Amino acid sequence: MLKGKTALVTGSTSGIGLGIAKALAQQGANIVLNGFGDAQGPKREIEALGVEVDYHGADMSLPAEIEAMMAFAAQRFGRVDILVNNAGIQHVARVEHFPPERWDAVIAINLSSAFHATRLALPAMLAADAGKGWGRIINVASVHGLVASAEKSAYVAAKHGLVGLTKVTALENATTGVTCNAICPGWVLTPLVQKQVDAKAQALNLSNAEATKLLLGEKEPSLQFTTPEELGALAVFFCSPAADNVRGVAWNMDGGWAAQ
Ligand code: NAD
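Residues 181 to 440 in our numbering are what the sequence shown spells out, letter by letter.
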């Protein structure tokens, strides 16, 4: 379905971003990976799906590096057709103890990076398909873009902001072939969440299994993690012709978390 298209997925060296990159590659899209840590392993995994893959190590907290990444992608593949704004970090502390530099980093990586990548991707998307426009912008927000939890002020503010940015981007391009939607996962067992399980296990002297059960039980009625594969399938749907008129939604895949 996506043969000949190019998808750039930020923060795709692990977790949800890698899951979405693989799902888009399975549909034939060429992929630009981004993120820290080992990029060669993910690159090989996606190449094995028979598409072209490249990697840019831009630090998504730095607008100049985001500009370099977008220019690199355009030069390598001609255009970014699908932009997945996924890179994100977490920091947990009460507001009065929240280090200001962590606040700035969370807002920069989880929110401002999406603004920069989107503003740089839009002109080519709007010019695509002989000027009718074609593009898909998918923002990986969170159930924390819809509801809050204590001790996550920067994350919740950034994710609510990202849902707002999604709606504005969708509206500004509503008469074109460019759509913008958000995905709002509940708990997904990635390194980002494993750190929170580890903190709980240590604080309460629990085993990994007990801490995991407690974490899910506090928020997620299904008591099950959402998987990167399930989120990848939702991203593929947003890229499909059936989703041509899906614009500005914030779709939660959260085991019932936000329904409570
Ligand atoms: P993860 O830690 O597995 O992956 C995060 C990715 O972002 C990695 O590739 C990392 O290298 C990259 N990254 C971090 N800082 C970066 C920076 N400055 N520049 C470039 N890349 C950077 O985490 P994940 O759980 O897969 O999270 C992915 C997204 O999903 C995040 O936006 C997160 O907020 C969101 N999310 C996660 C969950 C969950 O339960 N795991 C739930 C809801 C939303």
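Think of the CB as a built atom: it goes at the ideal place given N, C-alpha and C, for glycine as much as any other residue. On a predicted model such as this, the values are computed, not experimentally measured, just so you know.
Taking each of A334, L198, V373, W431 in turn and checking the Cα distance to A273, the smallest one comes out for A334. In the structure shown, the three-state DSSP call for P401 is coil. Within the stretch 289–372, the complete alpha helix (DSSP H) segments of 4 residues or longer fall at 293–307, 333–352, listed in chain order.
I262 is bridged by DSSP to A187, R316.
For V426, the secondary structure class from DSSP, reduced to helix, strand or coil, is coil. Only residues of its own chain outside the window of five on either side were considered, and among them K202, A205, Q206 have a CB closer than 8 Å to the CB of L229, listed in chain order. The residues G366, W367, D434, G435, G436, W437, in chain order, have a CB closer than 8 Å to that of E400 in the same chain once the five nearest residues on each side in sequence are set aside.
Taking 7 Å as the cut-off, the C-beta of I196 counts as close to a heavy atom of the ligand NAD. In this structure the stretch 212–222 lies against the stretch 252–261, because at least three pairs of beta carbons, one per stretch, are closer than 8 Å. The closest CA to that of F405, considering only K380, A423, T370, is found on T370. Taking 7 Å as the cut-off, the C-beta of T346 does not count as close to any heavy atom of the ligand NAD. V212 is bridged by DSSP to L188, D234.
Comparing C-alpha distances from V377 to each of A362, I363, K393, C364 shows the shortest one belongs to K393. The criterion of a C-beta distance shorter than 8 Å is satisfied by L198 and P408. Per DSSP, the continuous alpha helix (DSSP H) segment holding E245 begins and ends at 243–257. If you check the C-beta of A337 against the ligand NAD, you find no heavy atom less than 7 Å away.
Here DSSP, grouped into helix, strand and coil, assigns T392 to helix. Per DSSP, the continuous alpha helix (DSSP H) segment holding W283 begins and ends at 280–287. Here DSSP, grouped into helix, strand and coil, assigns A228 to coil.
Just measuring C-alpha positions, the residue of A354, S241, I226 sitting nearest G313 is A354. Rounded to whole angstroms, the gap between the alpha carbons of L414 and V348 is 21 Å. Nearest to S322 by C-alpha distance, out of D309, A337, K183, is A337.
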